[in-house]
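Taking it in order: structure first as C-alpha cells, then the write-up.
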Amino acid sequence: MINPMSRRKMLTGAALATGAVAGILANPAGAGANTVPKLIIDTDMFADVDDAGALAIANAAHQAGDVRLLAVVVNTPSRWGAPAASAINTYYGHGHVPVGTRKPVDDSVAELNYAQHLAQHFPNGLGDGERAPEAISLYRRVLAGQSDRSVTIASVGLATNLAALLASGPDSRSRLTGRELVARKVTRLVVMGGQYPSGEEFNFVQDAPATQHMVAEWPTRMIFNGFEIGDTVYTGARLVETPEDNPVRAAYRIYVGEGNNRNSWDLTAVHYAIYGASGLYRLSGPGSNEIAANGANTWRDTPVKDQYYHVKTASDDTIAGRLNRLLIRPRR
6 MINPMSRRKM LTGAALATGA VAGILANPAG AGANTVPKLI IDTDMFADVD DAGALAIANA
66 AHQAGDVRLL AVVVNTPSRW GAPAASAINT YYGHGHVPVG TRKPVDDSVA ELNYAQHLAQ
126 HFPNGLGDGE RAPEAISLYR RVLAGQSDRS VTIASVGLAT NLAALLASGP DSRSRLTGRE
186 LVARKVTRLV VMGGQYPSGE EFNFVQDAPA TQHMVAEWPT RMIFNGFEIG DTVYTGARLV
246 ETPEDNPVRA AYRIYVGEGN NRNSWDLTAV HYAIYGASGL YRLSGPGSNE IAANGANTWR
306 DTPVKDQYYH VKTASDDTIA GRLNRLLIRP RR
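Numbering (our numbering) for the sequence shown: 6 to 337.
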C-alpha cells in the first residue's frame, strides 16, 4: 500500500538554481501556430489526487479545442486506475478517448482510495482495469496512426510504461521498434519527475531502472517539470464550485477534504504540455539529466542533449489561478 500523503515528498533537498536560459520553447505542438497539439497522458492515477486534477485540465483543454487528447495510459498496476481515468474522461463527454493500463492488474489500493471510488461510483467505460487495453499495445496503436512528429506525451507518474515502449519490438501496428516509433511520431516528452538542479523525487525513485532507461534512450526533446515547480502551487479548493457529480471534485474530497487544496505537481506539467510556457516559466538548458541507480537526478551542462527543465517566472498564485480556471471550467 502506498502512503499517498508522502508520495511526492522530496527524499533529499536541493536548492532551485536559476541556471542558464536557453530560451522559451513555447509552442506546445512544436508545429504551426494554428495546429492543435496532440497529447497522450501517462499517469499513475491511483496514488495521488493531482493525477485527477491533471486529467481534468487536459479534458477541459480538449473540450475547448486547445488540445486533442489521444489517449490516457496508466503506469501503475492497480485495477482501479484505468476506470478512474475513464470516469473523468466520461464526465467531460470524452468517453471515446482510450485508456490503457499496465498489465497484469492487481488489487493494490492507496490509503486514500479515490480511484476505486471513482471506478465504482461514476460512469465509465471499463469498470475494472482488466478490461482496459494493455499499455504498450495502446501506445503503439495510437502512435502508429498519427502524423510524424505530431504527438506530445506528458508523463506524470512512473517511467515504467515509457521505458517498455522504447524497448518494444515491431508488431502488427508498425514495423518500427518502439524507439523508432517514438522518434518518428513524438515531438517531445514533458516529464513530471526529478528535482532541479538535483535531488530525489518519488516518480523517478519508484522505478529507477525505468527512469534511467527512459532518460538515456528517449530520442526526442525532453522537458522536465521538477518537484519544486508544483510543490508550492495549490489548487483544487474551487472544485466545490463544480457539480456534485464531478468525479474530480469527489476525488479531491476523498483525498484532501471538500474545499481544500493539493499541490499541483502533475497539473503544472500537463498545463505546460498543452499551453507551453505561457509567461509562467522559462526553460533552463539544454543539458542532460543524469539519473543515479537509486533514481536520484543531477542536472549536467554537458553532454548537451535535447533536454531542458522548467524554472518558474510567475508567482505561485498566478500559476494556481490559471490551473483553477481550467479545473472549474463547465463541461459542455
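All C-beta atoms in this analysis are idealised placements derived from N, C-alpha and C, irrespective of residue type, glycine included.
For this session: Let me know the secondary structure DSSP gives Thr323 once reduced to three states.
Result: helix
For this session: Within its chain, find whatever has a CB closer than 8 Å to the CB of Val309; leave out the 5 residues flanking it on each side and keep chain order.
Result: Pro291, Gly292, Ser293
For this session: Label His315 either buried or exposed according to how many other C-beta atoms from any shown protein chain fall within 10 Å of its C-beta, with 16 as the threshold for buried.
Result: Classification of His315: buried, given that the 10 Å Cβ count is 16 or more.
Problem set entry | Burial state of Glu135 (16 or more Cβ within 10 Å) | Exposed is the call here.
Problem set entry | Rounded distance between the beta-carbons of Thr95 and Asn129, thought under 8 Å | 5 Å
Problem set entry | Bridge partner(s) assigned by DSSP for Asn230 | Met197
Exercise. Going straight from the alpha carbon of Thr240 to that of Ile45, what length do you get?
Worked result: 23 Å
For this session: To the nearest angstrom, report how far apart Asp236 and Glu206 are at their CA atoms.
Result: 12 Å
For this session: Tell me whether Gly300 is buried or exposed, calling it buried when 16 or more other Cβ atoms sit within 10 Å of its Cβ.
Result: buried
Problem set entry | Spatial distance of Tyr286 from Ser320 (CA atoms) | 10 Å
Exercise. When the Cα of Asp49 is compared with those of Leu167, Ala221, Tyr313, which residue comes out closest?
Worked result: For the residues Leu167, Ala221, Tyr313, the minimum Cα distance to Asp49 belongs to Leu167.
For this session: Output yes or no for whether 7 Å exceeds the beta carbon distance between Gly264 and Ala242.
Result: yes
Problem set entry | Nearest-angstrom Cβ-Cβ length linking Leu181 and Trp223, presumed shorter than 8 Å | About 15 Å; that fails the 8 Å criterion.
For this session: Give me the Cβ distance between Leu123 and Ala69, rounded to the nearest whole Å; I'm assuming they're in contact under 8 Å.
Result: Wrong, their Cβ atoms sit about 23 Å apart, outside the cutoff.
Exercise. Who does Pro267 pair with in a DSSP beta bridge?
Worked result: One detail in the question is off: residue 267 reads as Arg in this sequence, not Pro. Listed as beta-bridge partners of Arg267 by DSSP are Thr240.
Exercise. With distances taken from CA atoms, which of Pro109, Met219, Val104 is nearest Tyr144?
Worked result: Val104
Problem set entry | Runs of beta strand (DSSP E) lying entirely within the region 45-115, each at least 3 residues, in chain order | 73-79, 104-106
Problem set entry | Which of helix, strand or coil DSSP assigns to Ser293 | strand
Problem set entry | Through-space distance from Asp55 to Glu295, alpha-carbon basis | 26 Å
Exercise. Where do the N-terminal and C-terminal ends of the alpha helix (DSSP H) with Arg146 fall, by residue?
Worked result: Residues 140-149.
For this session: Determine the burial state of His218: buried for a count of at least 16 other Cβ atoms within 10 Å of its Cβ, exposed for fewer.
Result: buried
For this session: In the DSSP assignment, find the alpha helix (DSSP H) that holds Arg305 and state where it starts and stops.
Result: Counting along the chain, Arg305 falls outside any alpha helix (DSSP H), though it belongs to the beta strand (DSSP E) covering 302-305.
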